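Residue numbers (our numbering): 28 to 264. Everything below concerns the one structure shown next.
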Amino acid sequence: MRIHFLGGYDAQSGTQTVYESASSSSGGTSWSAPVALSDATSQSHTTSDGVSSTFDPVSQKYLVTWRGGYTTGGGASHVHEIFYKAGASAPQRLLDANGNPYLASHTPSVACGPSAVVGTQNCLFAWVDGSSWYRQVRWFQASVSASGVLVGSSVKTHNYISTGSASVAYWSTGSYPWMIALNQGGTTSYTWRKAASSASAFVDQRSFSDSPKATTPALGSRVNGSARQAITLVGRE
C-alpha cells in the first residue's frame, strides 16, 4: 500500500515536494520513511495543494499525478504542466502528439480499474484545462506500459467549467464503471457517469447541494475484487 502527499514547503519558490510512503503491514500501522518523487532539476515540484494517486491492477504499478510548480530559483517556468509517475519510473510530463505539455489549472485526477470491466485502456485521467479561461475538463483513457508510460486514447473535452480540481473514480462493475465530479464555485457539486469505452462520453448529470458553499468534491474508487471504496482525505493546518 502507498500514500502520496506534499511537504517540504520552500518559501523562496512557493513549491512543495511530492512524497511517497509505503506500508506492508495489515491496516497500515507502520510506514516507511517518505521518498521524494518530485525534484527541482525536472521542475516537477508543485505549487498546488493536492496530489492524486491510484493502483493500476493491470500493470501492478502505483500511478500518481500532480501539477508542476516553479523552479527553486523562483522562476515561473512550467507552472501549469502535468506530471505523472508510474511505479519505479521517473516523473514524466503529460505531452500531446507534438510534444507540447498539457496544462492544468488545478491538481489532475487519475483512477484505474480492472481490464475485465473497463477494457485495455483501464485508467482514466482528467484535469481542468489551464490553457483557457473557460476551465473546461479534459480527459482520456490509457494503459500503463511496462516502462511506466501512459499509452492513451485521444484527449476529449467534458464541456463543463470547473472552479477546482475535477475528481474521477472507478466505482462500479456495471455498465457505467467510471464517474467524474466537479464544482463550479457555488453551493452545488455535480457528477456524471461513463461507460467503459474511451469513445463514450460522460452522461446522466446529477447534482448535490451544500450550504453555504460546496468544496471541491473527491470521489473514492472501488477496490478491485471487493465492494469497499478507497478515498483520499486531505487535511491542512
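Beta carbons are placed, not taken as given, at the ideal position from N, Cα and C, and that holds for glycine. On a predicted model such as this, the values are computed, not experimentally measured, just so you know.
Thinking residue i and residue j are a contact (beta carbons under 8 Å), I'd like their distance in whole angstroms, please.
i, j, result
"Ser133", "Arg165", "Reading the sequence as shown, one finds His at residue 133 and not Ser. Going by Cβ atoms, the distance from His133 to Arg165 rounds to 12 Å, so no, they are not a contact pair."
"Thr73", "Leu121", "No, Thr73 and Leu121 are not in contact; Cβ-Cβ is about 14 Å, not under 8 Å."
"Ser194", "Pro135", "That belief does not hold up - the Cβ atoms of Ser194 and Pro135 are roughly 10 Å apart, past 8 Å."
"Ser224", "Gly146", "7 Å"
"Met88", "Gly179", "The sequence given here has Lys at residue 88, not Met. 15 Å between Cβ atoms; not a contact."
Would residue i and residue j qualify as a contact pair, given that the criterion is a beta-carbon distance under 8 Å?
i, j, result
"Ala153", "Ile207", "yes"
"Ser86", "Val144", "no"
"Val155", "Thr81", "no"
"Ile188", "Gln211", "yes"
"Ala173", "Gly247", "no"
"Ser50", "Ser57", "yes"
"His31", "Val78", "yes"
"Ala131", "Gly157", "yes"
"Ser75", "Pro118", "no"
"Val45", "Ser65", "yes"
"Thr214", "Asp237", "yes"
"Tyr111", "Leu209", "no"
Does residue i pass the burial test, meaning 16 or more other C-beta atoms within 10 Å, or should it be called exposed?
i, result
"Gly101", "Residue placement at Gly101 cannot be trusted, given a pLDDT of 49 that sits under 50; the coordinates are not used to answer."
"Ser202", "exposed"
"Arg162", "buried"
"Ala103", "Note on Ala103: pLDDT 48, under 50, position unreliable in the model; the coordinate value appears next. So Ala103 counts as exposed."
"Arg220", "buried"
"Asn149", "buried"
"Ser40", "buried"
"Trp198", "buried"
"Thr184", "exposed"
"Phe235", "exposed"
"Trp205", "buried"
"Asp83", "buried"
"Val91", "buried"
"Ser216", "buried"
"Gly140", "buried"
"Gln43", "buried"
"Tyr36", "exposed"
"Ser192", "buried"
"Gly96", "buried"
Under DSSP, the beta strand (DSSP E) around residue i begins and ends at which residues?
i, result
"Ser136", "Ser136 to Cys139"
"Val145", "That residue, Val145, is in no beta strand (DSSP E); its alpha helix (DSSP H) goes Ser142 to Val145."
"Gln168", "Gln163 to Val171"
"Gln232", "Phe229 to Ser236"
"Trp160", "First-last for Trp160: undefined, no H or E at that position."
"Gln43", "Thr42 to Ala49"
"Asp83", "Ser79 to Asp83"
"Ala113", "Ile109 to Ala113"
"Asp123", "From DSSP, Asp123 is part of no beta strand (DSSP E); its letter is neither H nor E."
"Tyr217", "Thr215 to Lys221"
"Val275", "No answer is possible for residue 275: the residues shown for the chain start at 28 and end at 264."
"Ser224", "Here Ser224 belongs to no beta strand (DSSP E), and DSSP marks it neither H nor E."
"Trp205", "Trp205 to Asn210"
"Ser194", "Ser194 to Tyr197"
For chain D, find out if any of its Cβ atoms is closer than 8 Å to the Cβ of residue i; answer yes or no.
i, result
"Ala138", "In the structure shown, chain D does not exist; there is a single protein chain."
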